[in-house]
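**Student:**
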Amino acid sequence: MDTEVKIFSTMNTTKIKSSLEVMKKKLKEEEKEAMEKVTVDTVREERHVAPAHYSMKIDSFSLLSEMVDNSYESREFEASGYKWKLVLYPNGDKSRNGDGYISLYLVMADTTGFSPGWEINAIFKLFVHDQLQDKYLTIGDGRLKRFSAIKNKWGFPQMLSLSIFNNASNGYLIGDSSVFGVEVFVIKNEGKGEHFSMIKDPSGGTFTWEVQKFSELTKEFYYSQVYLAGQHQWKLKLFPNGHMEQRGKHLSLYLGLDDCTKFHAGWKLFVEFTLRIRDQVRSHHHEKTIRKWFNASRMIGV
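Mapping to the numbering used here: the sequence shown position 272 is 406, numbers consecutive.
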């Protein structure tokens, strides 16, 4: 039996208020010092106008930080006649002294057809949304950045201190949700964006497929019935005699999305799942847990 023990004590309320004020003042000073550590050339301004070219909303930010290694790349978007991506390091880009910060970069995404030695000069600003005051903190230095085959990524490894970002009173992370954005060249509202969300425990997350008369299966592969989990439709694909290089050696089992056509172009879905083949006698089940990105052409299995 679990027992919860609560201890109550009394204290002078004046002293409590005084201590709280000291703690708040100290926290503000620490946040100010963290902000001042960022490069002096960086210009930080606030405004109410949303990013003109691209915005990226992330729900369940804590899960993204925990489950996605290193960095998260946005979908491609077009601005000023070129294709770009945002690259976010939720735990900081440690390779560029970004530990303890949010790191955010702008990357030239598609250079197909560019001539050798190509160069693109761009002025850009990165954004993070203050959801409490409905305004944006903009980060930039006003200088031309030369994107090239040698260096196609520019940004700020120390964009925003994690202590400031994680403090809900600053408005950047509210309800585990945050919004980032960018403007490149001309300020023109193109209305493009994306919404990234993660679900920790999806409803209907367990599905059992009982395959009858396995020894009589003659086709190369078989599909299970479609089932619903985490607001998406899924199905299993079974290769009784193995698939590709495993043919004749192992049984192959894959997980696939059944409703890909409803997604927008360039979609991707990060999934953690476990494929299991049950041992019906000794319960020594064979299973493997996998974390992968799904896209329009990818089936994952073991």
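Where a beta carbon is used, it is the ideal one built from N, C-alpha and C, also for glycine.
1. What residues are listed by DSSP as bridge partners for M242?
2. Are K279 and A256 closer than 8 angstroms when you measure CB to CB?
3. Is Q292 helix, strand or coil by DSSP?
4. Could you give the distance in angstroms between the alpha-carbon of N286 and the alpha-carbon of M332?
5. With distances taken from CA atoms, which of L389, L385, V183, N375 is nearest H133?
6. Taking 8 angstroms as the cut-off, does the region 234 to 253 touch the region 353 to 362 (at least 3 CB pairs, one atom from each stretch)?
7. From P291 to R230, what distance separates their C-alpha atoms?
8. Report buried or exposed for K383, applying the criterion of at least 16 other Cβ atoms within 10 angstroms of its Cβ.
9. Using the DSSP secondary-structure output, state which residues sit across from N255 in a beta bridge.
10. Okay, do the region 399 to 410 and the region 178 to 187 touch, 3+ Cβ pairs below 8 angstroms being the bar?
11. What whole-angstrom Cβ distance do G327 and M190 have, given they're in contact under 8 angstroms?
12. Using the rule of at least 16 other Cβ atoms within 10 Å of the residue's Cβ for burial, across every protein chain shown, is G251 buried or exposed?
13. Which residues in the same chain as T423 place their Cβ atom closer than 6 angstroms to its Cβ, once the five residues preceding and following it in sequence are excluded?
14. Is the region 262 to 272 touching the region 193 to 209, taking contact as three or more C-beta pairs under 8 angstroms?
15. Going by other Cβ atoms of all chains shown within 10 Å of its Cβ, with 16 needed for buried, is H398 buried or exposed?
16. Going straight from the alpha carbon of E377 to that of T352, what length do you get?
17. Name the two residues that bound the continuous beta strand (DSSP E) containing R407.
18. Between which two residues does the alpha helix (DSSP H) harbouring S133 extend?
**Tutor:** Considering the structure as presented:
1. W218
2. yes
3. strand
4. 29 angstroms
5. Look at the range of the chain in this structure, 135 to 436, and you will see that residue 133 is not part of it.
6. no
7. Rounded to whole angstroms, P291 to R230 spans 6 angstroms at the Cα level.
8. exposed
9. R280
10. no
11. The beta-carbon separation of G327 and M190, rounded to 7 angstroms, stays under the 8 angstroms limit for a contact.
12. exposed
13. T408
14. The region 262 to 272 is not in contact with the region 193 to 209.
15. exposed
16. Reading off the sequence, residue 377 comes out as His, not Glu. About 14 angstroms.
17. Note that residue 407 is Phe in the sequence shown here, rather than Arg. Residues 403 to 411.
18. Residue 133 is absent from the structure shown; the chain starts at 135 and stops at 436.
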